[in-house]
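A.B. asks: Residue numbers (our numbering): 119 to 613.
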Amino acid sequence: MNNLAKVGWSVKETVTGTTHEIPDSSSPPMDKTLKDVNQACSFISSILKGMKKQQKHLRLYLEAGEELQEALNTFAEFSSGDASLATAMDQVREFEIAYKNNFLTDLLKHNTKVSENIEAWIGRTVSDAKLEKKKFETQRKVLDDINLKLARMEAGEKQKAKLKEVQQEKEIEEKLYYSIGEKSYNFLLDTSENTKFFYIGQLCEHLKGYEQFFKQGQQYYQTHHPKIDEIKEKNSKEQQNYRLSTSNRPKGRWSNSNRGDDTKRVFSMPYQQVIDRDKPPGNILPFLDQCFTLLESSGLTTTGIFRVSPPKPALDAIRDKLDKGIPLPLDEVGDEIHMVSGLIKLFLRELPDPLLTFELYKDWMAILDVPKTEQNLKTKELIQRLPSANRTLLSRIVHLCTRILEYQNENKMTVENLAIVLCPSILYDKDPNPLTMVADIQKANGIMVNMVLNYDTIFEGSVYKSQVKVSYPPASSVPPPSGPPPPSGLPPPSG
């Protein structure tokens, strides 16, 4: 009785002239404590909402990082052959991968765990607090009813026989009421304080995630900043040397004499025009046929095939010889697989009209917008609208990709990797829109992936067959293709 009295949990009420102590229905201390708990949880919920919004932005940042990586890959492909640029691009890509896969992902995981802990605490705390308050209110109502019953019995003569029995019941319920009240009040009081302690701990955990984030960044910087400084210094020297060299720039740079005339040139020429001019066997230029044969016979297991760029001066020298009508200088190529794959990419990149043509660019971009069941058919239709020489070369390129894919465990080139390195050379817009460029690149890559994975369906009738799922002997033991070209105009099979 004293515990409740000192906190104001009982008042005096007169019923029919008799005074009884009846629990105050408002129970101010209990209500205030419950209000404190609810208010604390409300504030924490607002902060939790901010945390979740922050995590949402981190996820968006991760997605943007993936787009940035793809854009960096694409830019690197367009600028392949420049060793300094390749080194810088590799450094940036390495940082983006570390930032996305380690720093940012770890921070997101850590902070998500903190917010989940807080959310669980709020739900549990509010639920338990309401339950305790309900227990108290239920017992208070029981005691209210007994007190009213007792008051009526004392006022009536006929009820006096049962008065003692009800008074005993009241004593029992009153003790229970005080016990529950004190327990509930203490529970809410403890909950209010523990909520504060818990949240301070979780705030520290939240900050701990950033502490780790900054430590990882500092460690990365300390490890890599010498290399970054080296790249900056080298770039500065090269820029200075370039400026000095421009003062002695030779005249006649626009002359075609160094690259051969249009009766021999093969690079930077309309592809169908070159095929019509030279009428090569199999509807494919001899040097390209040699390149494909070399890659199929001894390059399928080469790590980074089509991704690693060869030295630009050596590549340009071979291109200049080919443009003068000199056959592919195999002595200069040797076993350098990256030189061969680089030569194919250079040829594709220098075509005045890309292999899949500017004219059909919008139609290609629309393919992924149709239902998946129709995409292969739409792709076949577009391929049929290409010049015949383009169709033959495209078939040869995509089939080579299926062969490379058979050995992806050795060459580390997945179908997505192949699409990323080849698409910028065969499918791009004449007037690219900077706002949609990244999305268009992703669509183009998706189209290439689909062609590789569905080669037999899309290139139905080709003498080549995709056997991606079949186990093959090591690439070095695969014999080169032989035999006359088929009458269909497509190049001979590679194995």
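In this text, a Cβ means the ideal position worked out from N, Cα and C, and glycines have one as well. The model shown is predicted, which means the values in this text are computed figures rather than measured ones.
Could you say which of P470, V392, S427 and S297 lies nearest to I544 if we only look at CA atoms?
C.D. replies: For I544, the nearest C-alpha among the options comes from P470.
A.B. asks: What's the C-alpha gap between D154 and K252?
C.D. replies: Those two C-alpha atoms are separated by around 17 Å.
A.B. asks: What does the alpha-carbon distance come out to for the pair R371 and H228?
C.D. replies: Residue confidence is low: R371 scores 44 on pLDDT, short of 50, so the model does not pin down where it sits. Its coordinate-derived value is still stated next. Each residue's alpha carbon lies about 59 Å from the other.
A.B. asks: Please look up how many angstroms separate the CB atoms of T313 and T230, rounded, as I've assumed it's under 8 Å.
C.D. replies: That belief does not hold up - the Cβ atoms of T313 and T230 are roughly 21 Å apart, past 8 Å.
A.B. asks: Since L325 and F385 should fall inside the 8 Å C-beta cutoff, what is the C-beta to C-beta distance between them, to a whole number of angstroms?
C.D. replies: Not a contact, Cβ separation roughly 59 Å.
A.B. asks: DSSP on R503, reduced to helix/strand/coil?
C.D. replies: Three-state DSSP puts R503 in coil, outside helix and strand.
A.B. asks: Three or more C-beta pairs under 8 Å: does that hold for the segment 427-446 against the segment 519-527?
C.D. replies: Judged by Cβ distances under 8 Å, the segment 427-446 makes no contact with the segment 519-527, as fewer than three pairs qualify.
A.B. asks: Report buried or exposed for F424, applying the criterion of at least 16 other Cβ atoms within 10 angstroms of its Cβ.
C.D. replies: Answer is buried; the Cβ neighbour count reaches 16.
A.B. asks: On the CB-based measure, 16 or more other CB atoms within 10 Å of its CB, does Y360 come out buried or exposed?
C.D. replies: By the neighbour-count rule (16 or more Cβ atoms within 10 Å), Y360 is not buried but exposed.
A.B. asks: Mark L306 as exposed unless 16 or more other C-beta atoms lie within 10 angstroms of its C-beta, in which case mark it buried.
C.D. replies: Buried, because 16 or more other Cβ atoms sit within 10 Å of the Cβ of L306.
A.B. asks: Just curious, the alpha helix (DSSP H) that Y479 is in, first and last residue?
C.D. replies: It spans Y479 to A484 - the alpha helix (DSSP H) in which Y479 sits, taken as one unbroken run.
A.B. asks: Could you check if T134 is buried or exposed, using at least 16 other CB atoms within 10 Å of its CB as the buried criterion?
C.D. replies: Low confidence applies here, because T134 scores a pLDDT of 36, under 50, leaving its location unreliable and the question unanswered by this model.
A.B. asks: Under a Cβ-count criterion, where at least 16 other Cβ atoms within 10 Å of its own Cβ denotes burial, should S163 be classed as buried or exposed?
C.D. replies: Exposed.
A.B. asks: Is it buried or exposed, D407, if we count other Cβ atoms within 10 angstroms and call 16 or more buried?
C.D. replies: D407 comes out buried.
A.B. asks: How many angstroms separate the CA atom of V567 from the CA atom of P552?
C.D. replies: Whole-angstrom Cα-Cα distance: 23 Å.
A.B. asks: Cβ of N508 within 9 Å of Cβ of T475?
C.D. replies: Yes; because the gap between Cβ atoms is below 9 Å, this pair is in contact.
A.B. asks: Which residues bound the alpha helix (DSSP H) around F424?
C.D. replies: That residue, F424, is in no alpha helix (DSSP H); it is neither H nor E in DSSP.
A.B. asks: Is the segment 394-411 in contact with the segment 458-470, if contact means three or more CB pairs nearer than 8 Å?
C.D. replies: These segments touch.
A.B. asks: From the DSSP output, in three-state form, read off D549 for me.
C.D. replies: Coil, per DSSP.
A.B. asks: For K561, does the count of other Cβ atoms within 10 angstroms reach 16, so buried, or fall short, so exposed?
C.D. replies: Buried, by the Cβ-count rule.
A.B. asks: What first and last residue would you give for the alpha helix (DSSP H) that runs through S416?
C.D. replies: Here the alpha helix (DSSP H) through S416 covers P404 to S416.
A.B. asks: Do I298 and Q257 have their C-beta atoms within less than 9 Å of each other?
C.D. replies: In contact: I298 and Q257 (Cβ atoms closer than 9 Å).
A.B. asks: Give the DSSP-derived three-state secondary structure of E578 in the structure shown.
C.D. replies: Looking at E578 - three-state DSSP - the assignment turns out to be coil, as it is neither helix nor strand.
A.B. asks: Should G168 be labelled buried (16 or more other beta-carbon atoms within 10 Å of its own) or exposed?
C.D. replies: Exposed is the call here.
A.B. asks: Identify which residue in F410, A269 and N220 has its Cα closest to the Cα of Y328.
C.D. replies: The option with the nearest alpha carbon to Y328 is N220.
A.B. asks: Using only alpha-carbon positions, find the residue among I565, L203, S160 and P147 that is nearest to K350.
C.D. replies: Taking only the C-alpha atoms, the option nearest K350 is L203.
A.B. asks: Using the C-alpha atoms, what's the distance from P550 back to L473?
C.D. replies: Cα-Cα distance, rounded: 17 Å.
A.B. asks: Are Y525 and L418 touching if we call contact CB-CB under 9 Å?
C.D. replies: Yes.
A.B. asks: Quick check on the burial criterion: 16 or more other C-beta atoms within 10 angstroms. Buried or exposed for L294?
C.D. replies: Burial call: exposed.
A.B. asks: Give the range of the alpha helix (DSSP H) segment to which F465 is assigned.
C.D. replies: Where F465 is concerned, the enclosing alpha helix (DSSP H) stretches over I455 to R467.
A.B. asks: Which residues mark the beginning and the end of the alpha helix (DSSP H) in which L536 is found?
C.D. replies: Looking at the DSSP string, the run of the alpha helix (DSSP H) that includes L536 is V533 to I544.
A.B. asks: Is DSSP giving R361 helix, strand or coil here?
C.D. replies: Helix, per DSSP.
A.B. asks: Between M271 and L281, which are expected to be in contact by the criterion C-beta below 8 Å, what is the C-beta distance as a whole number of angstroms?
C.D. replies: About 5 Å; that satisfies the 8 Å criterion.
A.B. asks: Buried or exposed: which applies to I215, given that a residue is buried once 16 or more other Cβ atoms fall within 10 Å of its Cβ?
C.D. replies: The residue in question, I215, is exposed, as its Cβ has fewer than 16 Cβ neighbours within 10 Å.
A.B. asks: In the DSSP assignment, find the alpha helix (DSSP H) that holds I444 and state where it starts and stops.
C.D. replies: Looking at the DSSP string, I444 is not in any alpha helix (DSSP H), and its letter there is neither H nor E.
A.B. asks: Which of the three DSSP states, helix, strand or coil, is assigned to N401?
C.D. replies: Residue state, collapsed to three classes: helix.
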